[in-house]
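Residue 288 in our numbering is what sits at position 288 of the first sequence, and the numbering runs on without skipping anything.
Quick reminder that beta carbons are idealized off the backbone N, C-alpha and C, glycines included.
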Amino acid sequence: MTAAFYCYNNIMPELPEVETVKRGLKKLIIGRYIKSVSSDNPKSFPNPKSDVNRFMAKARVLSVNRRAKVLLIELSTGYSLMVHLKMTGQLVFIEAALADSNRWGAGHPNSSFVGELPDKSTRVIVSFADGSVLYFNDQRKFGWMKLMPTGLILEDPFMKKVGPEPLAASFTNSVFIARLRKRPRTSIKAAILDQSVLAGVGNIYADESLWGARIHPASIVNTLGDKQLACLRKEVVYVLNLSIAKGGSTNRNYVDAQGKKGSYSNFAKVYRRDGQPCSRCGTIITKSRVAGRGTHSCNYCQALAG
DNA sequence: CACTTGACCTGTCCGC
DNA sequence: TGCGGACAGGTCAAGT
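Okay, structure coming up:
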């Protein structure tokens, strides 16, 4: 056992961050037996205690998967734990050896968490039979986890409507373009943030991929040609893969507990770079509001279409 | 239907 | 120093 614990502290979990959490959890919790679960916030974990007792306590973890930004932790009881981190959700896994002295964080290469758990943001505590613990921390309480029969996951309203996985081979130009063409009069940024158009893109990678494709975020979809949209598809795939390769924008390299500086800032081209020169043309990057979100763009090389 | 806006939360930051 | 307001952003309900 090399790592005693891992903290996946996502500032803004989008597809690459959730994928990173999934890969980490796969190594850490598959095969472990759950002993007990505690939660004091019904919004964070709405299932009644009877569900927990029947379908989670004493269950073994079979697999960890991801669909869109949702984590799917399959249990041996025929139920799965669905987890959505929303904006501030974190999953912190602590090995048994450290679960006694619950102070950790400083100095560990995989850690961005410095402090003690549980803390005031702890919403759910999953204790394993071997003494290890998984904490679900979520400052803003937007995130949730819930137990659901594994066979009924696809009946979940969100799972029913969510669009294709952008990193799947089946996510072709024609699939992407056909879905965008159903949203002709909205901005391209609103369209790619829409989870029913495609899964997993959030505010960061929307801005980044639009910069890559030289498309202004406020461009109306029906003013964009197929060639531009095909280019955007390529850029979406590129930035998502790049981010996954870097471990997401999880703050592996944080030095301060507030953690404003994740490794993502090293490769972002526009996100939170307002006031800085565009790396392509030198024009100062600006911040505006598109689709109700803070939006970063270079208004020279991302010309507004239409 | 297509599309937009506000609500859900808490913590931080900025201007006065 | 305190205080109000803007902001952060994923998703959904309610609105045009």
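In the DSSP assignment, residue 287 is bridged to 296.
Secondary structure note for residue 266: it is in no beta strand (DSSP E), with a DSSP letter that is neither H nor E. Burial check for residue 73: the Cβ neighbour count within 10 Å reaches 16 or more, so the residue is buried. Counted as a single uninterrupted DSSP element, the stretch harbouring residue 30 is not any alpha helix (DSSP H), since DSSP gives it neither H nor E. In this structure the stretch 219-234 does not lie against the stretch 264-282, because fewer than three pairs of beta carbons, one per stretch, are closer than 8 Å. Contact between residue 140 and residue 41 is ruled out by a C-beta separation of about 12 Å, above the 8 Å threshold. Rounded to the nearest whole angstrom, the CA to CA distance from residue 64 to residue 56 is 15 Å. By the C-beta density criterion, residue 202 is buried, having at least 16 other C-beta atoms within 10 angstroms. Taking every protein chain shown into account, the CB of residue 298 has 16 or more other CB atoms within 10 angstroms, so this residue is buried.
Residue pairing by DSSP places residue 141 opposite no residue, since no beta bridge is assigned to it.
About 5 Å separates the Cβ atoms of residue 36 and residue 127, confirming a contact at the 8 Å cut-off. Check the Cα spacing between residue 54 and each of 147, 29, 138 and 39: the tightest is with 147. The Cβ-Cβ distance between residue 224 and residue 305 falls below 7 Å. By the Cβ-count criterion, residue 33 is exposed, with fewer than 16 other Cβ atoms from all chains shown falling within 10 Å of its own Cβ.
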